[in-house]
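Okay, so here's the structure we're looking at.
There are 2 protein chains.
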Amino acid sequence: MDLMEKITHLAKRRGFIFAGSDIYGGLANSWDYGPLGTELKKNIKDEWWRRFVRERIDMVGIDAALVMSPKVWEASGHVKQFSDPLVECKKCHMRFRADQIEKDACASCGGELGAEKQFNLLFKTFLGATEDAQSQAYLRGELAQAMFVDFPAVLQAVRRRLPFGIASQGRVFRNEITPGNFIFRTREFDLMEFEYFVREAEWQKHFEYWLEEMHAWLAHCGVKKEHYYVHEIEDGERAHYSKRTIDIEYDYPFGRKELYGLAYRTDFDLKNHMESSGRDMRYTDPETGDKFLPHVIEPTFGLDRTVLVAMLEAYHEEDAPTAEEGEKEPRIVMKFPSWMAPYKVAILPLSKKEELAKIAEPLYADLRKSYMCDYDETQSIGKRYRRQDEIGTPFCITVDFETAKDNAVTVRDRDTMAQERIKIADVREYIAKKLTVK
Amino acid sequence: MDLMEKITHLAKRRGFIFAGSDIYGGLANSWDYGPLGTELKKNIKDEWWRRFVRERIDMVGIDAALVMSPKVWEASGHVKQFSDPLVECKKCHMRFRADQIEKDACASCGGELGAEKQFNLLFKTFLGATEDAQSQAYLRGELAQAMFVDFPAVLQAVRRRLPFGIASQGRVFRNEITPGNFIFRTREFDLMEFEYFVREAEWQKHFEYWLEEMHAWLAHCGVKKEHYYVHEIEDGERAHYSKRTIDIEYDYPFGRKELYGLAYRTDFDLKNHMESSGRDMRYTDPETGDKFLPHVIEPTFGLDRTVLVAMLEAYHEEDAPTAEEGEKEPRIVMKFPSWMAPYKVAILPLSKKEELAKIAEPLYADLRKSYMCDYDETQSIGKRYRRQDEIGTPFCITVDFETAKDNAVTVRDRDTMAQERIKIADVREYIAKKLTVK
């Protein structure tokens with residue numbers, strides 16, 4: 000089994016991620032986050048928000064409607080230019096990505112393929128009671144446009160000075176013809192992104208700054224530097240709006256492909272929206288009174304790809320000692336950074352006996368107020384440690400038959416497997432301290 | 000101005016919520032959350048998740064794709080029955096809700112109205128390269144179906160015993176013909192919901208339990224008991240799947256209307272999905288080995304409506320003392336529960352002077368690591384207090400010219416306007432303590 004298969008199986012088995020609409024045979028490349036995946040994803044999403052929005056004085060967030068006025072997508076260029084080249088089979092009408100077909104005949108029925116045509120990636124829908132061109136609208140194909148369209152309203156409400164950013168997180172939709180590789184490419188996915196507004200003369204400085212911040216974020220997520228690469232996108236290859244773009248590419252088991260992006264979008268979007276809407280989108284310099292359109296640096300973080308990469312990085316197979324002295328057996332351990340792990344602590348009473356439960360349960364109730372905790376009293380302690388290793392729980396607390404005598408429990412570290420005897424009264428502080436060291 | 004206008008104006012002015020796609024003249028009843036509204040909404044969403052998922056041992060979360068297999072919506076009855084009755088004008092083809100028209104002629108052009116027809120509320124879109132019946136899919140019209148469809152996968156991954164729940168939060172879409180009243184009814188909105196799986200014999204007990212929990216949540220959100228009502232939905236009025244439904248209705252300025260819902264959905268959904276998919280959806284009793292379909296209690300919380308009600312409840316106009324001894328002037332104050340307030344603390348140096356900034360800035364930097372904080376050094380201190388009152392900041396910390404001498408600051412309470420002199424070294428603990436008392 001290659002690493003992707005291992006991750007996909009573990010994700011399904013332990014409730015991280017499973018196929019969407021599975022009981023109906025699935026829906027091509029749609030995935031649902033299960034109990035553990037939902038926590039993992041939420042931890043990443045919240046940590047990003049804390050780090051890039053709440054802790055910073057130069058960033059504010061917005062949370063916009065997914066369906067915007069179709070005029071937004073006309074002005075942004077998406078209606079015209081957000082497309083993939085496709086060819087259609089003249090016989091069965093199946094369509095394929097023109098840049099990905101290997102032969103002249105239809106891979107489905109062997110029929111003759113037609114000429115290459117552009118296929119727009121925006122999902123269409125209809126608002127209101129009729130289904131015609133007038134009521135047609137699009138599901139957003141990126142987060143960015145809302146941050147441009149709302150720029151004047153945000154500016155008026157919060158009166159920030161340049162440089163400052165507007166951040167957003169949420170679902171976007173792209174009608175990809177060839178999605179695939181688990182959660183790497185899907186038709187709907189979550190992005191985390193900000194538009195950072197700067198003076199044109201300073202764009203290079205801010206571009207470099209945000210590239211460094213992206214490195215720091217990846218390190219914070221436990222992604223090793225030797226696993227990803229900064230790829231400068233050349234002239235002619237960049238999106239229509241960008242003067243400089245960097246892709247952060249990761250070495251997935253299926254090849255080196257995009258993880259994050261960093262683009263200098265110039266004042267392209269604000270200018271287009273100003274022209275198309277007739278509304279003044281300019282920033283007024285509070286000192287000089289000058290009015291001008293800020294330029295934009297845009298770091299984009301795929302949330303689902305972050306989850307995928309976090310799982311790939313965390314996955315380890317190791318030899319671990321068994322209960323038998325000197326014996327070893329393999330263990331699978333997900334070495335998530337502790338802030339990211341779905342459960343922080345598992346409480347494991349050595350047996351189901353009442354005398355252990357009456358100590359373990361109150362401890363569980365107390366710790367659960369602060370941390371996601373698991374409680375497991377089934378099977379052998381060795382098997383339970385393996386289960387917690389496999390879902391990346393940083394600490395296991397074992398309540399045993401000594402506990403009633405010494406008022407202490409055993410705390411086991413996921414990565415080192417070292418065990419420490421800690422007084423019950425000190426457990427909360429011990430865990431808190433371990434979890435703050437990120 | 001009535002209260003709704005006041006709230007809408009304040010929401011726009013202070014960046015809580017503003018009209019979506021505004022620069023393009025807006026998109027009917029679409030709203031974007033601005034910087035403060037995003038924080039308010041996120042605080043409510045996260046607190047709900049903490050309280051109902053993370054703190055509970057009988058609840059797990061999922062985060063599903065918005066687009067599911069169309070078979071899901073056929074099995075659930077939505078394709079056939081999720082509709083509003085409409086009439087169409089024979090002349091201009093405008094459509095109206097049949098149960099909301101007041102006269103026989105078209106309200107737009109005066110033309111003759113046709114016969115009543117059912118109009119489905121599911122938003123349609125197309126997956127893949129062709130736009131035909133085969134590729135047609137729907138945006139989810141409720142969260143619930145994913146929790147039913149994923150029930151077997153969740154059960155297998157987490158092995159919970161009855162009773163237990165699956166929770167979810169996220170965007171749903173309903174193609175309403177007459178949305179309106181600010182964020183009360185919009186075409187896309189966020190829900191927070193769980194399906195609580197129980198034994199059929201125990202449904203009444205759990206129904207009552209969750210009704211009490213909904214009361215407790217509303218109290219936690221600062222909603223006064225005299226402002227909302229429990230409305231029992233009678234036979235014939237309930238949704239097609241429900242044997243008992245309660246609406247929690249709130250007295251909005253525009254009338255008494257739905258806020259939350261609590262429904263006993265029986266085993267309707269699991270049974271339908273089992274029949275339609277051919278997959279075994281049953282739960283196996285771990286003691287007896289009996290296999291059966293659990294019954295379902297479903298509490299539904301509208302997130303946007305919670306935001307709206309929280310704003311309505313928080314809004315107060317009061318007489319407040321001015322800087323002049325004995326003088327009073329009106330103040331607008333948003334008395335959000337402190338856990339919900341966008342900013343927890345505002346740091347207000349009395350003037351822009353360097354000697355104050357050098358104390359205020361490190362304090363800001365320190366507190367910001369734990370709480371969303373604002374920093375404001377513009378205009379008079381009285382005006383700044385008013386600004387913070389208007390956005391509901393529980394505590395203002397004033398750094399003044401005494402601070403350098405006594406190493407203390409003034410902490411002002413939003414609701415009582417009482418001021419206390421606190422040593423800088425004690426500020427962090429003082430705030431932490433005040434904020435834990437919810």
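If you're matching them up, the sequences are chains A and B in order.
The opening residue of the first sequence carries number 0 in numbering that gives the first Met the number 0; numbering runs sequentially from there.
The opening residue of the second sequence carries number 0 in numbering that gives the first Met the number 0; numbering runs sequentially from there.
Glycine is no exception: its CB is placed at the ideal position from the N, C-alpha and C atoms.
- Taking C-beta separations shorter than 6 Å and ignoring five residues to either side along the sequence, the partners of H230/B in its chain run D246 and E248, following chain order.
- DSSP places P293/A in no alpha helix (DSSP H); its state is neither H nor E.
- For F206/A, the nearest beta carbon of chain B is not closer than 8 Å to its own beta carbon.
- The beta-carbon separation of H239/B and G76/B, rounded to 6 Å, stays under the 8 Å limit for a contact.
- Comparing alpha-carbon positions, the option among Q168/B, S167/B, F188/B and I165/B lying closest to E175/B turns out to be F188/B.
- Taking 8 Å as the cut-off, the Cβ atoms of L2/B and P252/B count as close.
- Close CB contacts of F267/A within its chain, under the 6 Å cut and outside five residues either way in sequence, are with Y240 (chain order).
- Contact between the segment 60 to 69 of chain B and the segment 16 to 24 of chain A is present: three or more C-beta pairs spanning the two stretches fall below 8 Å.
- For T124/A, the pairing in a beta bridge is given by DSSP as A136/A.
- Counting the other CB atoms within 10 Å of its CB gives A132/A a total below 16, which places it among the exposed residues.
- Within the segment 14 to 28 of chain A, the residues whose Cβ lies closer than 9 Å to some Cβ of chain B are G14, F15, F17, A18, G19, S20, D21, I22, Y23, G24, G25, L26 and A27, listed in chain order.
- Residues of the segment 53 to 73 of chain A whose Cβ lies closer than 8 Å to any Cβ of chain B, in chain order: R53, E54, I56, V59, G60, I61, D62, A63, A64, L65, V66, M67, S68, K70 and V71.
- Across the set K368/A, G60/A, E194/A and R96/A, the C-alpha of G60/A shows the shortest separation from the C-alpha of D45/A.
- Secondary-structure assignment with DSSP links V66/A through a beta bridge to L138/A.
- The beta carbons of M58/A and F163/A sit closer together than 8 Å.
- Among the residues of the segment 115 to 130 of chain A, those with a Cβ less than 8 Å away from any Cβ of chain B are F118, F122, K123, T124, F125, L126, G127, A128, T129 and E130, in the order of the chain.
- Distance from the Cα of R304/A is smallest, within the candidate group K11/A, C220/A and D318/A, for C220/A.
- Taking a contact as a CB-CB distance under 8 Å, the pair G169/B and L190/B counts as one, their CB atoms being some 7 Å apart.
- Within the DSSP bridge table, the entry for T305/A names no partner.
- DSSP places K256/A in the strand class (E or B) of the three-state scheme.
- Annotation: the continuous beta strand (DSSP E) that includes L347/B extends over V344 to P348.
- Taking C-alpha positions only, E87/B is separated from M213/B by approximately 40 Å.
- As the crow flies, the alpha-carbon of T409/B is around 7 Å from that of V398/B.
- Taking a contact to require three or more Cβ pairs closer than 8 Å, the segment 334 to 351 of chain A and the segment 359 to 369 of chain A qualify as touching.
- Shown in chain order are the members of the segment 149 to 161 of chain A whose Cβ falls below 7 Å from a Cβ of chain B: D149, P151, A152, V153, A156 and V157.
- For D405/B, the enclosing alpha helix (DSSP H) has its first and last residue at T402 to D405.
- Between V52/A and G14/B, the C-beta spacing is not below 8 Å.
- Beyond the five residues adjoining it in sequence on each side, P151/A comes within less than 8 Å, by CB distance, of R278, D279 and M280 in the same chain, given in chain order.
- Inclusion of P341/B and E38/B in the CB contact set at 8 Å is warranted, their separation being smaller than that value.
- Under the DSSP definition of a beta bridge, R330/A partners with E317/A.
- When the alpha-carbon of R173/A is set against those of L121/A, K242/A, Q203/A and I165/A, the nearest one is in L121/A.
- Judged by DSSP secondary structure, M191/A falls within the beta strand (DSSP E) whose first and last residues are E187 to V197.
- In this structure, the beta-carbon distance from P320/B to E326/B falls below 8 Å.
- Counting C-beta atoms within 10 angstroms of its own C-beta, P298/B has 16 or more neighbours from the protein chains shown and is therefore classed as buried.
- In the displayed model, G19/A falls within coil according to three-state DSSP, outside both helix and strand.
- Under the 8 Å criterion on CB atoms, A319/A is classed as non-interfacial with respect to chain B.
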